[in-house]
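Take the sequence shown: its letters are residues 1 to 142, numbered as in the UniProt record's numbering. The C-beta atom is built at its ideal place from N, Cα and C for all residues, glycine as well.
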Amino acid sequence: MILFDNGFFHLDYDPATDTVFVKLPDMRTQGLSEAEECFRIMVEHVNNYHVQNLLLDSRQALVEVGDTEYNHLIYRVSLQLKKTNLKKVARLASSLPKLESMAHWVQAQVLTSPPASYLIKNFTSQEAALEWLTGNSLRSDI
Numbered sequence: 001m002i003l004f005d006n007g008f009f010h011l012d013y014d015p016a017t018d019t020v021f022v023k024l025p026d027m028r029t030q031g032l033s034e035a036e037e038c039f040r041i042m043v044e045h046v047n048n049y050h051v052q053n054l055l056l057d058s059r060q061a062l063v064e065v066g067d068t069e070y071n072h073l074i075y076r077v078s079l080q081l082k083k084t085n086l087k088k089v090a091r092l093a094s095s096l097p098k099l100e101s102m103a104h105w106v107q108a109q110v111l112t113s114p115p116a117s118y119l120i121k122n123f124t125s126q127e128a129a130l131e132w133l134t135g136n137s138l139r140s141d142i
């Protein structure tokens with residue numbers, strides 16, 4: 001079930017597995033406010049639907065902002081997600097080493113800051129991510 005799609009950002013929900021699938025937006029300095037709005041929408045839907053599983057697909061996302069801006073935004077979003085019912089967050093990794101380095105740094109910061117709430121794990125395949133999130137490597141709505 002598509003929750004949101006504006007061509008820049010896509011949210012899809014599978015009620016059978018209580019999983020929101022997110023195709024992460026590109027983050028560019030001139031469009032950073034658009035990315036911030038997309039993340040706000042994501043957190044709102046995760047909260048409103050009381051979602052327990054989140055799959056973030058960063059495989060195609062471009063990040064063309066400074067490390068400080070990226071880290072601040074992702075850290076802030078991650079802390080907002082701690083206030084929801086999330087139990088697990090699976091992230092499909094990018095092929096860009098710099099992006100992965102920044103993502104791992106933010107994840108470490110979030111996981112060590114109280115309160116502990118959800119688990120985060122990175123994957124290179126969607127099937128492995130789904131298996132970890134839901135116990136099934138296939139989406140139920142496909």
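Checklist entry - Helix, strand or coil: which one does DSSP assign to Tyr75? => result helix
Next on the checklist: So, under 8 Å CB-CB, Tyr75 and Val22 are touching, yes? Tell me the CB distance rounded to an integer number of Å.
Outcome noted: Rounded, the Cβ-Cβ distance is 17 Å, inconsistent with contact.
Checklist entry - Can you tell me whether Ser113 is buried or exposed, with buried defined as 16 or more other CB within 10 angstroms of its CB? => result exposed
Item to check | Reduced DSSP secondary structure (H/G/I, E/B, other) of Phe39 | outcome: helix
Checklist entry - What's the gap between the Cα of Ala35 and the Cα of Asn136? => result 30 Å
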